[in-house]
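Engineer:
Number of protein chains: 6
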Amino acid sequence: DFYHALEEVKPAFGIAEEELESCVQGGIIHFSPVIREILKEGQLFVKQVGEANATPLFSVLLHGHPATGKTALAARIAIDSGFPFIRLISPEDMVGFSEMAKVQHIAKAFMDAHKSRTSIVVVDNVERIIDWVPIGPRFSNTVLQTLMVSLRKQPPKGRRLLILATTTERAVLKQLDFYNSFDSDIMVPTVNTYDELLYILEQSEAFSPQEIDEVLGSIGDIHDNRRIGVGIKKILLSIETAKQDPDKVGRFARAINRAIDEDL
Amino acid sequence: DFYHALEEVKPAFGIAEEELESCVQGGIIHFSPVIREILKEGQLFVKQVGEANATPLFSVLLHGHPATGKTALAARIAIDSGFPFIRLISPEDMVGFSEMAKVQHIAKAFMDAHKSRTSIVVVDNVERIIDWVPIGPRFSNTVLQTLMVSLRKQPPKGRRLLILATTTERAVLKQLDFYNSFDSDIMVPTVNTYDELLYILEQSEAFSPQEIDEVLGSIGDIHDNRRIGVGIKKILLSIETAKQDPDKVGRFARAINRAIDEDL
Amino acid sequence: DFYHALEEVKPAFGIAEEELESCVQGGIIHFSPVIREILKEGQLFVKQVGEANATPLFSVLLHGHPATGKTALAARIAIDSGFPFIRLISPEDMVGFSEMAKVQHIAKAFMDAHKSRTSIVVVDNVERIIDWVPIGPRFSNTVLQTLMVSLRKQPPKGRRLLILATTTERAVLKQLDFYNSFDSDIMVPTVNTYDELLYILEQSEAFSPQEIDEVLGSIGDIHDNRRIGVGIKKILLSIETAKQDPDKVGRFARAINRAIDEDL
Amino acid sequence: DFYHALEEVKPAFGIAEEELESCVQGGIIHFSPVIREILKEGQLFVKQVGEANATPLFSVLLHGHPATGKTALAARIAIDSGFPFIRLISPEDMVGFSEMAKVQHIAKAFMDAHKSRTSIVVVDNVERIIDWVPIGPRFSNTVLQTLMVSLRKQPPKGRRLLILATTTERAVLKQLDFYNSFDSDIMVPTVNTYDELLYILEQSEAFSPQEIDEVLGSIGDIHDNRRIGVGIKKILLSIETAKQDPDKVGRFARAINRAIDEDL
Amino acid sequence: DFYHALEEVKPAFGIAEEELESCVQGGIIHFSPVIREILKEGQLFVKQVGEANATPLFSVLLHGHPATGKTALAARIAIDSGFPFIRLISPEDMVGFSEMAKVQHIAKAFMDAHKSRTSIVVVDNVERIIDWVPIGPRFSNTVLQTLMVSLRKQPPKGRRLLILATTTERAVLKQLDFYNSFDSDIMVPTVNTYDELLYILEQSEAFSPQEIDEVLGSIGDIHDNRRIGVGIKKILLSIETAKQDPDKVGRFARAINRAIDEDL
Amino acid sequence: DFYHALEEVKPAFGIAEEELESCVQGGIIHFSPVIREILKEGQLFVKQVGEANATPLFSVLLHGHPATGKTALAARIAIDSGFPFIRLISPEDMVGFSEMAKVQHIAKAFMDAHKSRTSIVVVDNVERIIDWVPIGPRFSNTVLQTLMVSLRKQPPKGRRLLILATTTERAVLKQLDFYNSFDSDIMVPTVNTYDELLYILEQSEAFSPQEIDEVLGSIGDIHDNRRIGVGIKKILLSIETAKQDPDKVGRFARAINRAIDEDL
Ligand SMILES: Nc1ncnc2c1ncn2[C@@H]1O[C@H](COP(=O)(O)OP(=O)(O)OP(=O)(O)O)[C@@H](O)[C@H]1O
Ligand SMILES: Nc1ncnc2c1ncn2[C@@H]1O[C@H](COP(=O)(O)OP(=O)(O)OP(=O)(O)O)[C@@H](O)[C@H]1O
Ligand SMILES: Nc1ncnc2c1ncn2[C@@H]1O[C@H](COP(=O)(O)OP(=O)(O)OP(=O)(O)O)[C@@H](O)[C@H]1O
Ligand SMILES: Nc1ncnc2c1ncn2[C@@H]1O[C@H](COP(=O)(O)OP(=O)(O)OP(=O)(O)O)[C@@H](O)[C@H]1O
Ligand SMILES: Nc1ncnc2c1ncn2[C@@H]1O[C@H](COP(=O)(O)OP(=O)(O)OP(=O)(O)O)[C@@H](O)[C@H]1O
Ligand SMILES: Nc1ncnc2c1ncn2[C@@H]1O[C@H](COP(=O)(O)OP(=O)(O)OP(=O)(O)O)[C@@H](O)[C@H]1O
Ligand SMILES: [Mg+2]
Ligand SMILES: [Mg+2]
Ligand SMILES: [Mg+2]
Ligand SMILES: [Mg+2]
Ligand SMILES: [Mg+2]
Ligand SMILES: [Mg+2]
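Protein chains in written order, with our numbering: chain Z, 339 to 602; chain Y, 339 to 602; chain E, 339 to 602; chain L, 339 to 602; chain G, 339 to 602; chain C, 339 to 602.
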């Protein structure tokens with residue numbers, strides 16, 4: 339295919355380090371203890387696949403609201419695993435691919451993984467890979483089935499494979515009977531409390547303590563202690579927009595309030 | 339493809355100045371303070387992408403009723419950005435394209451944009467690009483997914499990209515889970531009050547003050563101060579038709595009244 | 339394509355005079371003052387596109403019940419415009435065409451029109467061009483989108499284009515969001531009153547005054563002054579069939595009554 | 339296509355006499371005065387197209403229950419017309435054709451007809467030609483649209499064409515908006531009364547008068563004078579089966595009673 | 339096609355004796371007088387087509403529950419006809435065929451039959467040939483239409499053809515408007531009474547009289563004289579399984595009871 | 339196909355011993371007497387096909403909840419049969435295959451089996467082979483029909499074939515009318531009671547007796563003696579994960595409890 343031909347060649351083996359690091363652009367801010375637990379559970383699965391003889395194949399689904407940091411966390415776990423082979427399967431790398439080209443791209447990634455002693459395959463944004471759209475609903479069943487079967491395909495003797503997938507559409511995967519194909523799953527949370535938001539604003543160094551006070555005062559209704567429920571990525575982005583506006587505090591508050599309302 | 343082959347070649351790089359200017363044929367009439375606010379918010383996003391290190395990719399959706407000037411405003415913001423690369427993706431440039439040809443046209447526009455330090459891609463009339471039709475409903479999921487993923491595809495390191503899209507079908511984009519892919523959105527209003535209409539009629543220089551009085555008197559029921567709710571483009575066009583008719587005032591009033599009724 | 343290859347070649351430029359004239363085979367009988375108003379409104383749009391600088395592109399939809407003379411009236415307006423380029427896009431010229439061949443046929447007609455200073459494109463029987471069928475419903479979305487975008491595609495600078503389309507399915511075009519793509523629309527009426535029918539029968543010279551009396555007496559219930567609601571083409575055809583039958587009056591009355599009943 | 343290649347070549351011009359005669363295998367039994375009226379109305383349309391200048395194109399739909407003799411009557415009218423060109427379009431001649439091959443077969447038949455001064459095209463069993471099936475429902479829209487447009491395509495100047503179509507699915511054609519494409523229609527009746535059946539049994543010479551009495555006595559409930567409602571073809575076929583059975587009367591009665599019940 | 343190429347070549351003419359005999363592997367056990375009536379009615383249709391001049395084409399549908407012996411009975415009638423040409427169209431011979439390959443396979447079978455003076459075509463398991471599946475429902479309309487039209491295609495003058503089709507899905511064929519295409523139909527019964535089952539068990543020589551008693555005692559509730567409603571093929575198969583089990587009686591009874599329950 | 343070409347060549351004949359053994363990786367733990375009964379019933383069918391003259395073709399469906407050991411049991415029966423030809427048809431071997439490639443892969447497996455005197459074909463995970471997905475629902479009807487017909491295709495004279503299929507979707511196969519195509523079926527149970535779980539934990543040698551007590555104490559509500567209803571494979575996998583966690587007991591209990599809840 340046209341686009342296919344244009345994409346830059348990547349080595350079949352080895353770790354796509356740079357590509358993975360770019361997924362953790364904003365770092366990992368520990369705004370909640372849950373973040374550390376997620377990273378720990380990831381290490382556990384890495385160990386189970388890496389050391390034990392008995393589990394040559396294991397798959398985990400990271401799910402959560404949009405912009406909660408699913409991709410960043412999966413990338414972090416993969417990078418920290420120390421496994422010699424890591425591969426990222428991402429919709430952004432398959433723009434303009436035909437259904438068959440996608441199937442082959444995916445199949446090839448798993449085949450390559452099967453050639454390494456211990457491997458991790460990160461399948462990012464599963465619903466986008468399968469071209470999911472709620473009207474219809476429509477999706478590529480061919481790609482879906484390829485993913486479902488690849489998840490269960492035993493690596494050759496002596497090879498071990500950990501699969502980390504991410505999605506915002508856990509309910510959809512359940513309806514597709516895809517959710518059951520995973521051996522385990524991890525829920526990635528939104529930023530929920532005013533304390534969590536406060537922590538992030540401080541870390542960002544974009545606001546003075548007084549500005550932070552103003553911001554918190556004008557978000558939602560602080561006395562209700564209403565759930566904020568906005569993803570970390572959205573918060574970091576809104577901070578950047580606010581920085582450009584003379585009315586920094588107002589712009590940020592409006593952006594977050596709109597995000598909160600959309601979530602309702 | 340046949341038609342594909344016939345379309346005139348355009349330079350891959352540089353600004354499609356003339357094409358963009360033709361979108362602002364009727365100028366920008368400031369019939370409401372909202373118009374200026376829209377242009378300002380556009381500048382803000384231009385700055386965020388152009389100057390900051392932290393936001394290499396940002397996307398904005400301009401939505402509003404038909405004929406409200408969405409395309410003209412997006413074009414204006416893009417022209418005024420001063421960015422070295424601006425590209426317009428428009429359904430009118432893809433007449434007779436196959437689904438795959440569309441995907442490649444879109445993918446190529448984004449790839450070209452990724453090659454410039456700072457770029458703007460205007461995606462005009464999203465619902466038409468995806469061949470949306472409410473009966474069915476039907477649309478090209480392949481093209482839709484291409485747009486959704488292109489919107490999220492990070493430009494290479496050091497490159498920055500602002501995406502401005504327009505649509506009359508915000509509700510549809512929501513149902514398609516496409517709306518959430520945008521980082522921000524701007525609502526473009528219709529001409530709503532008699533004062534706004536008065537201002538436009540004066541600017542047009544097509545009617546004498548007395549004729550303007552007559553027009554306003556015969557539109558809707560002025561005492562109700564009913565919302566007019568007609569797009570600026572429709573109003574400008576009706577002025578042109580009226581100019582040809584000996585009964586200029588009557589023809590214009592009938593046209594606007596019919597437009598008001600259709601909106602109900 | 340096979341059939342494609344067999345159709346006789348027509349000059350790309352110039353007026354398809356003969357083809358258009360054959361659409362007005364039965365002449366224009368002025369059975370109602372509305373007929374003249376329709377022709378006048380047509381002239382107005384011709385003037386707006388032909389003379390003004392400000393409206394290089396304008397589209398009008400003629401809609402009405404089957405057999406009401408939509409095609410004849412559109413052809414009449416086009417012929418009388420005096421524009422150097424007139425093109426008829428008709429389903430009858432696309433029998434056996436694939437979807438893609440249709441798209442190219444339509445795109446080519448508009449491209450040719452864009453090459454002339456002032457042009458008219460008549461798009462006849464829109465619902466048939468898009469292969470509309472109410473069961474399903476089904477239609478060619480590819481052809482529909484081509485028409486929708488072609489209607490909005492600006493001719494090159496200095497070129498002007500008037501588009502006249504016809505349809506019996508106005509409600510369908512509304513549901514398809516196609517109706518809104520037109521800048522204006524004209525409703526073509528059926529023959530409704532006994533006086534209108536009387537006028538046509540006299541003009542046909544097929545019946546003696548006494549036979550006309552008999553006919554009117556046996557159609558519907560004259561005292562109710564019920565709407566007749568039959569298209570002019572159907573009436574002219576029934577006159578022809580009646581001429582062959584020894585029982586001329588009876589045959590004509592039965593045909594019209596059946597047409598009236600079908601309309602209920 | 340494979341099958342296409344195997345079918346025997348037929349002259350493009352001239353009358354398919356033998357093929358048409360084979361449609362009237364069982365002759366025309368005048369079991370009801372309606373049969374003669376149908377043939378007369380057919381002659382009237384033949385005259386209108388053949389003699390008048392004003393009606394170069396006319397189409398008639400013969401509809402009725404299965405096995406009522408629609409094909410035989412259309413063939414009879416065509417043979418008796420004396421027109422130099424008659425063509426039968428029948429599903430049996432398109433077994434194994436692709437959709438496109440069907441479209442071309444149909445288009446070619448009409449094109450050939452357009453080359454003769456006066457022609458008749460018989461379109462047999464329309465619902466089968468369009469691959470209609472009530473589950474879905476499904477049908478070939480491509481073939482349907484080809485038929486609809488072919489019916490309206492004016493022959494070249496000076497040429498005249500009468501189209502006779504048959505169908506058992508009048509309601510379906512109405513739902514498909516196809517029924518309205520016909521200029522007139524003829525209803526073909528079933529055998530309804532005991533007298534009609536009696537007449538046919540006598541004509542068949544298969545039963546003695548006494549056997550006929552027995553038959554009539556054991557069909558339905560003669561005192562109710564219930565509608566029989568069975569097609570002439572089915573009756574003629576049941577007579578043939580009965581002839582093979584020692585219990586001729588019983589076999590025939592059982593067959594007809596089953597047919598009556600199915601009709602309920 | 340691949341599989342197509344691999345299948346062994348069969349003579350186009352002549353009787354597929356061995357293939358047909360293999361359909362009657364288990365013989366014809368006359369467990370009910372209905373079996374003989376079915377064979378007789380088959381002979382009647384054979385005579386009608388074979389001897390009479392008047393019925394060159396006749397089609398019969400054998401329908402009944404699964405495993406009732408439909409295929410065996412159709413094969414028996416065909417073998418006993420003495421006709422010089424007999425052809426079996428069976429889904430088992432079309433594994434891996436594309437839709438078009440199926441259409442050609444069917445069309446060819448009928449074309450070959452048309453070349454013989456008197457022929458029988460057995461169309462086995464119609465619902466499987468058309469790829470029927472109740473979810474959707476889905477089926478190959480192309481293959482269905484081919485069968486429907488082939489059933490009605492008159493053989494050339496002087497040739498005669500009897501068609502015997504089998505199906506378990508009579509209701510489906512009705513919904514598909516296919517059922518009406520047959521000139522007659524025969525219902526094949528299940529094994530219903532204890533006496534019928536007793537007769538079969540005796541014929542099988544697999545059980546001692548005492549074992550037969552035990553079997554009958556433990557099937558259903560003999561006092562209810564409940565309908566057994568199991569197909570002969572299923573009964574014969576269960577006898578074979580039982581023979582392998584030390585607990586012959588118990589195994590057989592369990593198998594039949596499960597079959598009875600499934601039928602509820 | 340691409341992937342097709344890459345898969346390693348396997349001998350057409352002979353037993354895929356290694357592949358089958360890998361399906362029984364975890365051995366067969368006799369946690370319930372039902373396990374032995376299943377293996378016995380399997381032997382019975384092996385004998386019926388292997389020894390008797392009368393049943394050259396027999397098919398059995400193993401169905402049960404996910405992870406209950408269906409594939410392992412089918413593999414065990416096949417390996418223990420001693421038949422000279424055994425073939426496994428598994429979705430994992432058809433990743434990236436087109437629909438047609440799948441059909442040929444399946445057809446070829448059965449054709450190879452037909453060449454051996456006695457054969458077993460294991461069709462693993464039927465719902466995945468047919469690309470079943472509950473949304474829509476969608477599936478490959480072409481592959482489904484191929485399986486349905488292959489199951490009924492008689493091997494050549496003197497050849498005998500046993501088919502063992504597995505599925506988690508018995509209800510789906512019923513709706514697809516596929517379930518009836520099998521001559522018999524076997525239900526594979528989940529681990530249901532605390533005693534069964536206890537037995538497995540002991541066999542695993544991963545927990546001390548005291549730890550086992552703790553585990554059982556914290557699973558579900560032991561006093562309710564609630565059904566556990568978790569598949570053996572899931573239990574074995576959870577044991578492996580637990581082994582990596584310092585809190586072995588807690589991790590295992592959480593995993594099982596989550597599995598129990600999902601089952602509700
Ligand atoms: N605790 C955290 N967890 C995850 N990401 C974090 C955290 N703190 C900061 N980040 C930053 O937030 C961003 C999270 O974006 P990411 O793309 O991973 O979100 P996502 O959930 O995958 O979004 P989407 O739903 O759009 O796929 C990254 O830039 C990451 O570096
Ligand atoms: N305040 C204004 N905002 C936008 N356009 C204006 C304004 N004043 C005048 N115009 C003129 O009105 C026209 C607006 O047309 P435009 O095509 O942008 O509308 P649109 O909303 O994109 O229409 P559509 O819904 O058909 O895509 C342009 O010719 C523009 O020059
Ligand atoms: N006042 C009139 N308006 C239109 N047509 C007229 C009038 N008087 C006579 N005619 C004749 O009536 C016929 C109208 O047919 P025409 O094909 O234009 O109808 P139509 O509405 O396009 O039909 P359809 O719905 O089938 O497309 C023409 O032959 C035309 O010459
Ligand atoms: N009065 C009659 N009208 C029509 N056909 C008659 C009549 N009398 C006898 N026949 C014979 O009856 C048969 C009618 O069959 P024909 O195929 O025309 O019926 P049909 O309505 O077209 O059936 P189908 O619904 O299956 O298409 C012919 O063989 C014809 O010769
Ligand atoms: N009276 C009988 N009628 C039919 N078949 C019988 C009879 N007695 C014994 N048989 C045997 O029973 C078997 C019937 O199987 P057959 O395949 O014909 O059934 P079927 O109804 O076609 O099944 P399916 O519904 O699966 O197509 C054959 O082996 C046949 O020899
Ligand atoms: N009694 C048992 N029955 C079956 N498998 C067992 C048993 N005891 C241990 N096992 C082991 O449990 C595992 C069962 O996994 P298997 O893949 O057969 O399950 P399955 O039901 O086919 O799963 P799926 O629903 O995912 O296809 C195998 O590794 C097998 O060796
Ligand atoms: Mg992500
Ligand atoms: Mg616009
Ligand atoms: Mg018309
Ligand atoms: Mg007929
Ligand atoms: Mg059968
Ligand atoms: Mg399994």
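Ideal Cβ placement from N, Cα and C applies to all residues, glycine included.
With a Cβ-Cβ cutoff of 8 Å, do Val433(Z) and Ala445(Y) count as a contact?
Structural biologist: Locating residue 433(Z) in the first sequence gives position 95, where the first residue counts as 1. Locating residue 445(Y) in the second sequence gives position 107, where the first residue counts as 1. A contact, by the Cβ cut-off of 8 Å.
Engineer: Here's the rule: buried if 16 or more other CB atoms are within 10 angstroms of the residue's CB, otherwise exposed. What is Lys440(Z)?
Structural biologist: Walking along the first sequence from the start, residue 440(Z) turns up at place 102. A residue is called buried once 16 or more other Cβ atoms fall within 10 Å of its Cβ, and Lys440(Z) is buried on that count.
Engineer: Once you ignore the five residues that flank Ile468(L) on each side, which residues in its own chain have a CB closer than 6 Å to its CB?
Structural biologist: Counting from one through the fourth sequence, the residue named residue 468(L) turns up at place 130. Closer than 6 Å at the Cβ level, and outside the excluded window around Ile468(L), lie Phe477, Ser478, Val481, Leu482.
Engineer: For the segment 542-562 of chain E against the segment 579-592 of chain E, are there 3 or more C-beta pairs whose distance is under 8 Å?
Structural biologist: yes
Engineer: If we cut at 8 Å on Cβ distances, does Gly365(Z) have a partner in chain Y?
Structural biologist: On the first sequence, residue 365(Z) is found 27 positions in, with the first residue counted as 1. No, no contact with chain Y.
Engineer: Flag this pair as touching only if the segment 447-457 of chain L and the segment 395-404 of chain E have three or more C-beta atom pairs under 8 Å; answer yes or no.
Structural biologist: Between the segment 447-457 of chain L and the segment 395-404 of chain E there are fewer than three C-beta pairs closer than 8 Å, too few to call the two in contact.
Engineer: By Cβ distance below 6 Å, which residues in the same chain neighbour Tyr341(Z) in space, the five residues on each side in sequence not counted?
Structural biologist: As a first step, residue 341(Z) must be located in the first sequence, where it is residue number 3. Residue confidence is low: Tyr341(Z) scores 45 on pLDDT, short of 50, so the model does not pin down where it sits. Its coordinate-derived value is still stated next. Cβ within range, chain order: Gly434.
Engineer: To the nearest angstrom, how far is the alpha carbon of Asn391(L) from that of Arg497(L)?
Structural biologist: Position 53 of the fourth sequence, counted from the start, is the residue given in the question as residue 391(L). Position 159 of the fourth sequence, counted from the start, is the residue given in the question as residue 497(L). About 10 Å.
Engineer: At a CB-CB cut-off below 7 Å, which residues of chain Z make contact with Gly434(C)?
Structural biologist: Locating residue 434(C) in the sixth sequence gives position 96, counting from the first residue. Within chain Z, Val441, Gln442, Ala445, Thr484 have C-beta atoms less than 7 Å from the C-beta of Gly434(C), given in sequence order.
Engineer: At least one CB of chain L closer than 8 Å to the CB of Gln582(E): is that the case?
Structural biologist: On the third sequence, position 244 is the one that residue 582(E) refers to. Yes - at least one Cβ of chain L is within 8 Å of the one on Gln582(E).
Engineer: Given the structure, does Lys408(Z) come close to ligand 7, in the sense that its CB is under 7 Å from one of the ligand's heavy atoms?
Structural biologist: Residue numbering aside, residue 408(Z) sits at position 70 when the first sequence is read from its first letter. Yes, the beta carbon of Lys408(Z) sits closer than 7 Å to at least one heavy atom of ligand 7.
Engineer: Please list, in chain order, the chain Z residues whose beta carbon lies closer than 7 Å to that of Arg476(C).
Structural biologist: Residue 476(C) sits at position 138 when you count from the first residue of the sixth sequence. Those are Asn479, listed as they occur along chain Z.
Engineer: Taking DSSP as the reference, what is the three-state secondary structure of Leu499(C)?
Structural biologist: Your numbering for residue 499(C) matches position 161 in the sixth sequence. Three-state result, Leu499(C): strand.
Engineer: Which bits of chain G does Arg466(L) rub up against, with CB to CB less than 8 Å?
Structural biologist: In the fourth sequence, residue 466(L) corresponds to position 128, counting from 1. Those within 8 Å of Arg466(L) in chain G are Gln483, Met486, Val487.
Engineer: Taking 8 Å as the CB-CB limit, is Lys586(C) close to chain G?
Structural biologist: The sequence position of residue 586(C) within the sixth sequence is 248, counting from 1. For Lys586(C), the answer is no, since every Cβ of chain G falls outside 8 Å of its Cβ.
Engineer: My understanding is that Thr409(Y) touches Cys361(Y), with C-beta atoms under 8 Å, so please give their C-beta distance in whole angstroms.
Structural biologist: Locating residue 409(Y) in the second sequence gives position 71, where the first residue counts as 1. Locating residue 361(Y) in the second sequence gives position 23, where the first residue counts as 1. Contact holds; Cβ gap of about 5 Å.
Engineer: Using CA coordinates, which residue listed in Ser428(C), Pro394(C), Val372(C) is at the minimum distance from Gln363(G)?
Structural biologist: Taking the first residue of the fifth sequence as 1, we reach residue 363(G) at position 25. Minimum Cα distance to Gln363(G) is reached at Pro394(C).
Engineer: Identify which residue in Ser488(Y), Ile598(Y), Glu465(Y), Phe383(Y) has its Cα closest to the Cα of Ala509(Y).
Structural biologist: Stepping through the second sequence from its first residue, residue 509(Y) is reached at position 171. Measuring from the Cα of Ala509(Y), the nearest candidate turns out to be Glu465(Y).
Engineer: Anything in chain L within Cβ reach of Thr409(E), meaning under 8 Å, just list it in chain order.
Structural biologist: Residue mapping note: residue 409(E) aligns to position 71 of the third sequence, counting from 1. In chain order: nothing, as chain L lies at least about 10 Å away.
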